[in-house]
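Colleague:
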Amino acid sequence: MASILETAASVGIFNTLLAAVDAAGLRSALEGAGPFTVFAPVDEAFAALPPGTVQTLVDNPPQLARILKYHVISGARSRAQLVVQESWESLEGAPIPIRRAEPFEVKNSTVVQADVICDNGVVHVINRVILPG
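In the numbering used here, the protein residues as written are 4 to 136.
#1: Are there 16 or more other CB atoms within 10 angstroms of the CB of residue 149, so buried, or fewer, so exposed?
#2: Would residue 87 be called buried (16 or more neighbouring beta carbons within 10 Å of its own) or exposed?
#3: Between the alpha carbons of residue 122 and residue 6, how many angstroms are there, rounded?
#4: In whole angstroms, give me the CA-to-CA distance for residue 124 and residue 105.
#5: For residue 24, which residues from the same chain have a beta carbon less than 8 Å from its beta carbon, with the 5 sequence-adjacent residues on both sides left out?
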């Protein structure tokens, strides 16, 4: 079984996310044993941000790392496990709200594919970048 980052690289829809992980210096952490639950925005989610946002974040690695850590929680949590609580604490420290009814949503983002099992955790594919606060 592949790691979270290997899985993301193999499907070709997370190129911006993977570049952001590298720019923020988080690759080694996400290649670790974990386990982690990652809410992974697709490339279109980053493209939907206001013009220049991605470049501004790449130019500010601490802020980028903070946003990326907001997309991760500790432990491998399936959809069924996530919906038992109204929110989960992110690695960034802020809570991530979970919609407990249909459609399955994480903060302001819809989960388009849940429960992608990896060596070091679980990935839930989301259609928007989520921000703390």
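Here a beta-carbon is modelled for each residue, glycine too, at the ideal position from N, C-alpha and C.
Modeller: Put simply:
#1: For the chain, the structure presents residues 4 to 136; residue 149 sits outside this window and is missing.
#2: exposed
#3: 5 Å
#4: 23 Å
#5: 8, 30, 33, 71
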